[in-house]
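Participant: This is the structure I want to talk about, given as structure tokens.
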Amino acid sequence: MRLLALFCLLALAACETTAVADSTFPAAALTTGTTDDTLYQIEIRTAPTQPPPRAGATLDVHIADAAGHDVDGVTLEIVPWMAAMNHGTQVDPVITPQGKGHYTCYPLELFMAGTWQLRMKLKKGTRESHVVPTVDVP
Ligand SMILES: [Cu+2]
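Each residue of the sequence shown is one higher than the one before, counting from 1 in my numbering.
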């Protein structure tokens, strides 16, 4: 386990180069989810590839209500987390609302192959909703 943690740190250090944001997302979602309070449905897409590369990925999150209508005005927070190794990322992604229920998240630095959680908090008014989709990075 200690060796794994060390490898993690080395991988983190090696992946500090930045890439250009790519806003071309595929038509099909990589994954979908429903918030814990069932208020929102989310769809996730990644660029420049789907599933995402280990550095410089952009995430598109589409948020809809239970009736399928776009939801704007959400304060979205995303914490990438590799649960199997108990670590996050060094770079905090910036969320930018794009309208029509779309929000982009960049840079997404999922610097190790494996399963990552995207721990999402959706705040609108006084309500806070949560959803934790997972992404498998090749
Ligand atoms: Cu890891």
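The beta carbon of each residue, even a glycine, is placed where N, CA and C say it ideally should be.
Can you determine whether any heavy atom of ligand 1 sits closer than 7 Å to the C-beta of G145, and answer yes or no?
Facilitator: The chain is shown only over 1 to 138; residue 145 falls outside these bounds and no answer can be derived.
Participant: Rounded to whole angstroms, how far is the Cβ of D65 from the Cβ of Y40, which I believe are closer than 8 Å?
Facilitator: Working through the sequence shown from its first residue, we reach residue 65 at position 65. Working through the sequence shown from its first residue, we reach residue 40 at position 40. That pair is a contact at about 6 Å.
Participant: Are the region 120-131 and the region 83-99 in contact at 8 Å, needing three or more beta carbon pairs?
Facilitator: no
Participant: Does the Cβ of H87 lie closer than 7 Å to at least one heavy atom of ligand 1?
Facilitator: The count along the sequence shown starts at 1 and reaches residue 87 at position 87. Correct: H87 has its Cβ closer than 7 Å to ligand 1.
Participant: Please determine, among G56, L108, A113 and T96, the residue with the shortest C-alpha to C-alpha distance to A84.
Facilitator: The sequence position of residue 84 within the sequence shown is 84, counting from 1. Of G56, L108, A113 and T96, the residue nearest in Cα terms is A113.
Participant: Taking the alpha-carbon positions, what's the P107 to A67 distance?
Facilitator: Within the sequence shown, the letter at position 107 stands for residue 107. Within the sequence shown, the letter at position 67 stands for residue 67. Rounded to whole angstroms, P107 to A67 spans 31 Å at the Cα level.
Participant: Give the secondary structure of T24 by DSSP, where H, G and I count as helix, E and B as strand, and everything else as coil.
Facilitator: As a first step, residue 24 is located in the sequence shown; it is residue number 24 there, counting from the start. T24: coil per DSSP, three-state reduction.
Participant: May I have the straight-line CA-CA distance separating P53 from L76, to the nearest angstrom?
Facilitator: Working through the sequence shown from its first residue, we reach residue 53 at position 53. Working through the sequence shown from its first residue, we reach residue 76 at position 76. When rounded, the distance between both Cα atoms is 22 Å.
Participant: In whole angstroms, what is the alpha-carbon distance linking R127 and V74?
Facilitator: Within the sequence shown, residue 127 is the residue found at index 127, counting from 1. Within the sequence shown, residue 74 is the residue found at index 74, counting from 1. Answer to the nearest angstrom: the Cα atoms are 10 Å apart.
Participant: Leaving out five residues before and five after Q98 in sequence, what residues of the same chain have Cβ atoms less than 7 Å from its Cβ?
Facilitator: The residue labelled residue 98 in the question sits at position 98 within the sequence shown. Closer than 7 Å at the Cβ level, and outside the excluded window around Q98, lie T104.
Participant: I want to check one thing, is the minimum distance from the CB of M82 to the heavy atoms of ligand 1 below 7 Å?
Facilitator: Taking the first residue of the sequence shown as position 1, residue 82 is located at position 82. The closest heavy atom of ligand 1 lies less than 7 Å from the beta carbon of M82.
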